[in-house]
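Numbered according to our numbering, the sequence shown spans residues 366 to 752.
Positions of the beta carbon are idealized from the N, C-alpha and C atoms, including for glycine.
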Amino acid sequence: MVEQLLLSIVIPTRNRQDTAIYAVQSALKVSDSNDFEIVVHDCGDDNSLERLLNQINDPRIKYVKIAPTSMTQNWNYAICQCSGYYVSFLGDDDGVLNCLYDIAKWGFRKGYETISFSRRVFYDWPSTRADQKGNLFWNSFTTEASEFLPSIERFTEPYYFYKLPQLYYGLVKKDLFDVLSRKTNKMLDGYCPDIYAAYSIGFLTKKHLFLDVPCFIQGTSRKANSSAISIKGVGNRKHFSEFDKVISFESVLPPIDMDVFLPSLYFYDSIFRVLSNFEVPIKISVLRMEIPYSDCLMNVKYGRKKLLILKYIGIMRKGASLRRLLVLMIFTLVLRLRTLLVRSLKRAVVRDEKVSFSPQNVIEASEIYYTNNKRKIDDFVKMLDVF
Numbered sequence: 366m367v368e369q370l371l372l373s374i375v376i377p378t379r380n381r382q383d384t385a386i387y388a389v390q391s392a393l394k395v396s397d398s399n400d401f402e403i404v405v406h407d408c409g410d411d412n413s414l415e416r417l418l419n420q421i422n423d424p425r426i427k428y429v430k431i432a433p434t435s436m437t438q439n440w441n442y443a444i445c446q447c448s449g450y451y452v453s454f455l456g457d458d459d460g461v462l463n464c465l466y467d468i469a470k471w472g473f474r475k476g477y478e479t480i481s482f483s484r485r486v487f488y489d490w491p492s493t494r495a496d497q498k499g500n501l502f503w504n505s506f507t508t509e510a511s512e513f514l515p516s517i518e519r520f521t522e523p524y525y526f527y528k529l530p531q532l533y534y535g536l537v538k539k540d541l542f543d544v545l546s547r548k549t550n551k552m553l554d555g556y557c558p559d560i561y562a563a564y565s566i567g568f569l570t571k572k573h574l575f576l577d578v579p580c581f582i583q584g585t586s587r588k589a590n591s592s593a594i595s596i597k598g599v600g601n602r603k604h605f606s607e608f609d610k611v612i613s614f615e616s617v618l619p620p621i622d623m624d625v626f627l628p629s630l631y632f633y634d635s636i637f638r639v640l641s642n643f644e645v646p647i648k649i650s651v652l653r654m655e656i657p658y659s660d661c662l663m664n665v666k667y668g669r670k671k672l673l674i675l676k677y678i679g680i681m682r683k684g685a686s687l688r689r690l691l692v693l694m695i696f697t698l699v700l701r702l703r704t705l706l707v708r709s710l711k712r713a714v715v716r717d718e719k720v721s722f723s724p725q726n727v728i729e730a731s732e733i734y735y736t737n738n739k740r741k742i743d744d745f746v747k748m749l750d751v752f
């Protein structure tokens, strides 16, 4: 029997070894303990990442190489490789802050099944910027904690998703995936496994905590999945095979071609899949269907498909009011105009933003962030020992 560790930090990756190697090194820095592992689950086209990891030669790294597959399946296979009490997924262009391990130990003692954190630290890799310089920025945090059980009726409330149990940038008890598999005959499903995990685990957790404390650096690189979704090509489609299909919200919306990147549709696809897989009846009106309607109508790339959406306006009584739809569309338009204006003026739009001296990778970014927030982070970790 494999000894259970406290924590499994999982890095699923494909053909992004240039950033993944730094993500691994960042994860290794969370503790000197041997009570955690880093599962690197690689479905890339070659073994170049394996060669880089062999140079590190740390027994806490568990490298698994499989044939190219979809992102969702890669996540599912990776979960099966974990030996930790908690599982936490990390993007291959992200970083980890040292407080994650201390919070995992504390959460284990307190019996929390899931812990989610605020997303307040962001890093743009040099590949995303014209000046080829990295950019680190962050918001202040409060260290406030709120314990609650997720509610279906609040699934589509603004920002509620980020307080749900997070497999990505959070801690989830691994046993919950066994429960999920037994209840639905599958683990993660759909186009975006992180979104599906949040809603599905939200059904299962019995003790959940949200902490307004950042434990991760959310990275953005040129090859990030969020950028690659809309890129066509055979090589890319191997990793996003689910996107060859269409989304259909049980006749509430017409089938939507996933070549069009509309973020709200991925959230709604996950919600509908979770409700369907758990066989949970719910009134469509609770789900605020005017949000995906607005996205479809406002998207400039949708072209002729807008006519198809407009054709279905008559069934909005199943989940959306015309008045709220029009208000939301106007609000969305104002936000987009504001974003264009801000970009043209080259101003930052994040409140309390602090820009670093252009770190070139997430290791440098985490060091800069910790240096600037050392006292507050250390005080919070010490406070955990009291409780």
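Using three-state DSSP, classify residue 440 as helix, strand or coil.
Residue 440 falls in the helix class under three-state DSSP.
Counting pairs of beta carbons, one from the stretch 516-528 and one from the stretch 419-437, are three or more of them closer than 8 Å?
Output reads no: the stretch 419-437 does not touch the stretch 516-528.
Exposure of residue 541, with buried meaning 16 or more beta-carbon neighbours within 10 Å
Burial call: buried.
Does residue 369 come out as helix, strand or coil in the three-state DSSP assignment?
The answer is coil: DSSP assigns residue 369 none of H, G, I, E or B.
Sort 554, 579, 466 by Cα distance to residue 509 and report the nearest one.
The residue with the shortest Cα to Cα distance from residue 509 is 579.
Need the endpoints of the alpha helix (DSSP H) that residue 577 sits in, please.
For residue 577, there is no enclosing alpha helix (DSSP H), since its DSSP letter is neither H nor E.
Where does residue 420 land, buried or exposed, given buried means 16+ other C-beta within 10 angstroms?
Residue 420 comes out exposed.
Please report how far the alpha carbon of residue 560 lies from the alpha carbon of residue 382, in whole angstroms.
Rounded to whole angstroms, residue 560 to residue 382 spans 24 Å at the Cα level.
Would you mind giving the Cβ-Cβ distance between residue 505 and residue 557, rounded to the nearest angstrom? I have them listed as a contact below 8 Å.
Incorrect: roughly 29 Å between the Cβ atoms, too far for contact.
Excluding five sequence neighbours on each side, which residues of the same chain lie with their C-beta closer than 6 Å to the C-beta of residue 642?
Closer than 6 Å at Cβ, skipping near neighbours: 549.
Secondary structure of residue 712, DSSP reduced to three states
Model confidence at residue 712 stands at a pLDDT of 41, short of 50, so the residue's coordinates are unreliable; what they give is reported in the following sentence. In this structure, residue 712 counts as coil in the three-state DSSP scheme.
Straight-line gap, residue 531 to residue 497 (C-alpha atoms, nearest Å)
Each residue's CA atom was taken as its position, placing residue 531 and residue 497 some 31 Å apart.
Beta-carbon proximity check, residue 371 vs residue 499, cutoff 9 Å
Taking 9 Å as the Cβ cut-off, residue 371 and residue 499 do not qualify as a contacting pair.
List the whole-angstrom C-beta distance separating residue 462 from residue 629, where the pair is believed to meet the contact cut-off of C-beta under 8 Å.
Residue 462 to residue 629, Cβ: 30 Å. No contact.
One question on the structure: do residue 575 and residue 482 come within less than 9 Å of each other, judged by their Cβ atoms?
One thing to note: residue 575 has its Cβ within 9 Å of the Cβ of residue 482.
Run of the beta strand (DSSP E) containing residue 548, from where it starts to where it stops
Bounds of any beta strand (DSSP E) do not take in residue 548; it lies within the alpha helix (DSSP H) bounded by 540-549.
Just checking: is the beta-carbon of residue 550 within a distance shorter than 9 Å of some beta-carbon in chain B?
Note that chain B does not occur in the displayed structure, where there is just one protein chain.
Buried or exposed, going by whether 16 or more other CB atoms sit within 10 Å of the CB of residue 437?
Classification for residue 437: buried.
Classification of residue 384 by the beta-carbon crowding that lies within 10 angstroms, buried from 16 upward
So residue 384 ends up on the buried side.
What are the residues that DSSP puts in a beta bridge with residue 533?
In the DSSP assignment, residue 533 is bridged to 454.
For the beta strand (DSSP E) that residue 428 lies in, which residues bound it at each end?
In the DSSP annotation of this structure, the continuous segment of the beta strand (DSSP E) that includes residue 428 starts and ends at 426-430.
Could you give the first and the last residue of the continuous beta strand (DSSP E) run that contains residue 510?
Per DSSP, residue 510 belongs to the beta strand (DSSP E) from 510-512.
Helix, strand or coil for residue 503 per DSSP?
Residue 503 falls in the strand class under three-state DSSP.
Quick one: measure Cβ to Cβ for residue 389 and residue 418, integer angstroms, because I've assumed they're closer than 8 Å.
Contact between residue 389 and residue 418 holds, since their C-beta atoms are separated by about 7 Å, short of 8 Å.
Rounded separation between residue 394 and residue 640 - CA only:
Each residue's Cα considered, the two are about 39 Å apart.
Thinking C-alpha only, which one of 434, 405, 539, 567 is nearest residue 516?
Selection 434, 405, 539, 567 evaluated against residue 516 yields 567 as nearest (Cα-Cα).
Report, in whole angstroms, the separation of the C-beta atoms of residue 487 and residue 502, which I expect to be a contact under 8 Å.
Confirmed, about 6 Å.
Tell me whether residue 373 is buried or exposed, calling it buried when 16 or more other Cβ atoms sit within 10 Å of its Cβ.
So residue 373 ends up on the buried side.
Going by CA-CA distance only, name the one from 564, 544, 522, 507 that's closest to residue 745.
Residue 745 has its Cα closest to that of 507, out of 564, 544, 522, 507.
How close, in whole Å, do the beta carbons of residue 584 and residue 490 come, if the pair is a contact with beta carbons under 8 Å?
Indeed, because the Cβ distance is near 6 Å, the residues count as touching under 8 Å.
Residues bridged to residue 522 (per DSSP)
DSSP lists no partner for residue 522.
Just the C-alpha distance for residue 404 and residue 632, rounded to the nearest angstrom, thanks.
Each residue's CA atom was taken as its position, placing residue 404 and residue 632 some 27 Å apart.
Terminal residues of the alpha helix (DSSP H) in which residue 473 lies
Counting along the chain, the alpha helix (DSSP H) containing residue 473 begins and ends at 464-475.
Among all the DSSP beta bridges, which residues are the ones paired with residue 377?
Residue 377 pairs with 406.
For residue 750, three-class secondary structure by DSSP:
DSSP places residue 750 in helix when its eight states are reduced to three.
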